[in-house]
Every structure is written in structure tokens, then in C-alpha cells.
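In this text, residue positions in the sequence shown follow this note's numbering: the first is 1, and each later residue adds one. Even glycine gets a Cβ: it sits at the ideal position worked out from N, Cα and C. Here's the structure, in C-alpha cells; my notes come after.
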Amino acid sequence: MPETILFRTPIDKPNTAAGLVCGCSDKLGSVGRLVECHGGIMAEEKPVEKVSLKGAAADAWRLMMEFLRKCFANGWDRIGALAAMKATTQRVMISPRMSGSNSRVAMKMRPKIWLRAAVAQLIVAVSSAGPPAWALDRVTIATPSRGLFEFPVVVAMRKGFYKDENVHVDKVQMQPALGVKALISGDVDYLLAWGSAVRAAVTGVPIKAVVGFAGRPLHVLIARPEIKSTRDLKGKVIGVDSVAGTVDYLSRVAVRHFGFEPEKDVKIIVTGESPTRLAALRAGAIDATPIDVAFAVKAEDEGFRRLVYLGDLIELPLSGIAVTDQKLQTQREQIRRVVRAGVRGLRFMKQNRNETVQMLSDYLRITPAQSARAYDASIHSFTDDGMISDKGVLLDIQLTKERVKITKDIPIQQLVDWSIVREIR
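Right, dumping it as C-alpha cells:
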């Protein structure tokens, strides 16, 4: 007769969505799925043809870890989660499966010593400070490069703000256009590439920015020493990160500001992220490039010339996190926790100059003096509350429409949703 291993936990936790189902083990091994329910952590039975007590213990271990992760994700503290886990493991049962909708366990068997040991190890793990790594929601944030624009997220990771929200962040680097595709396909959960995300949204891609970190550019237009002024840029080569990327946009804005026409008066080529563009500048492959201010101060120390800080020219948003419309509808609570941690990182870097300067120096491998100059030059470009002004968003819309030849009106609501930022204030 098929047998079932059942966890039944009558924990009274009203208004909490959490669930645990039975862990079953056959010759291949299988783990029960979690279900959402109200009024406590419930259990379901699942029959299997063969059950290995040792295999069942392995399944039980995995289920208990998933159980704890679920508790933490739904706001339980360590004490409550530990109590629930203890209650669960005390009710481990092995029984023949009875027929009918009101099936009950027919007999109980004392857990073996290896199961007791596993439970003891788990109790020790969860009793330690903070939820264990496997109990955290694991999310992937894609970013196009290393730089100051992503630093609120870096600060939040280093200060443990995501862990405080029961989130583990894997940060991956990819080209902006690829990042948009990965976001849509679900290969990444969040995209930290404001310009590419917003421009995709203008063209109808179902994604929205949910938090904005920098409302103005964080880039400096750096040129080779022989270029004495912006007038000398005519006929020169400017390096950018990618076609239609943020740096490409900023280059075109700067060129027009100086009275030139992109493509006609200057040549714009793709040379990669900030460190790569700086290397191209050193090699003479390009004559100028907008680079992250943190790299710009390093370039100035090498003798390159600062032409203009682009944050002083234009209120064009530079940094923020975007998600798909579907995720915004179905995983709002997770997004809230990710956004809250990011905003904490943003506020920390604005309120704690010295520690932020040290972290920036370590992260970007620049000297503390260079880091301090980069911080002082750019900190005013960061938002105070995680929201970009309507003026900045509308400018982004206007520039994108011009570039992709769109004439219809695009509402701001198609690009951004600040509701979660407002909720966490």
C-alpha cells in the first residue's frame, strides 16, 4: 500500500499566508510543494508507491528548510519560525494512506536517530542571528556595468539591508539590451539599467521602473589632453557603452549642447563599459567619452581633461530598478522588500559620507581621495526618496520618441510606478 510522510502543524497564525505540505520520498526522491493558505500552516498528504525512511529524512530536511524560508518571507520572526518548525518535526508520521477526503494517519512511528540529528542541526542553524542564507528569497539583479549609478544596491548588499528583508541578491552584469530581454524572459528578476528599461517601456515592452536612485547623470565628459575645449570635439571620435544605451544618449545630449550634430560633426562608436572606454581613451582609439564620475576622477589624475559634468547640463534620470508588469502584479511583496532595502542603501550613502567613500574606494578600486572627489561631485544627483521627477521622466520619453520615431503620446504611467516607494515612506 502506498505510504506517506506527513507534517501536520496546527499553528495558530491568523492573517499569515504560509503553507507546508507533506514530504514524500520514492526511489527517485521527491519534495512536497508549498501551498498558500490562511489561519496557519497546513498539510496535505501525497501517496507514493515506495518510501525509503532515509530518503524521507533527506526530503524532510529540504522541506523544513523551505518551510523556514516561507516563514521568514511572510514576516515571522526567528522565535516564531523556530517554534513552528519544532512543532512540525515533533509530528513526523509514517503511515498507510487511507481513502476518502477525511484521511487520517493510522499509526505513528518513532523518528530514527538520523532524523533527530537532522532536526537538531536545523534548530541550531535557525537559532543563530538572522535567518540562514537558504531561508532568504533569492533574486537576481542585472546591471550593465560597475559604477556609482548602482551604488545604493551595493551599499544595501554590504550593509545587510537585503538580508534584513529576507532577500539574497545575486548581482549579474550584462549589456543593457540583453538585460531587458533577460528581464522579460524571467532569467533575471530586476534590472538596474534605468535608461534601457524606460526606453523599452516607451516602445511597448511591459516593464516599469519601481524605484529611482539618480535623477541626473553621474557622468563626466572626459577627453584626451590635446582637446582644450568643447569646440575641439568636431570631427572627433566619442566612445559609448552600447547602441541606444544611456551613455550613447548622454553623448548625443552633450554634443547637441555644444552646438554639434551627432553622426555629422562627431563619430560615435561602441567601446564598452567605463573601464574599457577609459582604456580606449588611453590608447588613442577614441578622443572623448562620458564615464562614471568615479572613473573620471581617476582619468583626471592621469592627465585627461574634464570637459563637463553632465549632471549639470540636463535633468535626465540615470539609475533605478525596473521589473516586469507581471511581477509587479504577482510578487508585489517581494518587490516591496527589494525596494525598501535599496532605498535604505540610498539614504545611507547620502547620510554617511565617510563610510560610503571608503566602500566606493574599495568597490571601484580607486584611491580614497579619488572616491571622496567622486562622492562630492555626484551626491546631489541622487534622489532623496527613491522617486524620479516627472520632468526627468518626460525628458526621457521625449528623447526616446525622437530616436525611435514615435509620435503618439506616452503617459508617464507606462514607464514608472512609484506606488511601492510611496508605501514604504
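- Judged by pairs of C-beta atoms under 8 Å, the region 327-339 does not touch the region 244-255, as fewer than three such pairs exist.
- In this structure, V339 places its C-beta atom within 8 Å of the C-beta atom of V210.
- L148 sits away from A299, with the two beta carbons spaced by 8 Å or more.
- For P317, there is no enclosing beta strand (DSSP E), since its DSSP letter is neither H nor E.
- Cβ atoms of V198 and P290 stay farther apart than 8 Å, at about 18 Å.
- Nearest in C-alpha terms to K163, of all of I227, G342, H257, is G342.
- Under the three-state reduction of DSSP output, V308 falls in the strand class.
- Take the alpha-carbon of G186 and the one of K267: they are about 36 Å apart.
- Just measuring C-alpha positions, the residue of D385, N354, H380, L183 sitting nearest P368 is N354.
- Residue environment analysis places P144 among the buried positions, since at least 16 neighbouring C-beta atoms fall within 10 angstroms of its C-beta.
- Per the coordinates, the alpha-carbon of S196 lies some 20 Å from the alpha-carbon of P262.
- Relative to A223, the option among D301, A156, Q398 whose CA is nearest is D301.
- Taking a cut-off of 8 Å for Cβ pairs, the region 223-233 and the region 380-395 do not touch, as fewer than three such pairs fall below it.
- Within the same chain, and ignoring the five residues on either side of Q414 in sequence, the residues whose Cβ sits closer than 7 Å to its Cβ are A201.
- About 13 Å separates the beta carbons of G392 and L313, which is beyond the 8 Å limit, so they are not a contact pair.
- R337 has its alpha-carbon roughly 22 Å from the corresponding atom of G179.
- Secondary structure of D287 (DSSP, three-state): coil.
- Per DSSP, the unbroken beta strand (DSSP E) holding V139 starts and ends at 137-143.
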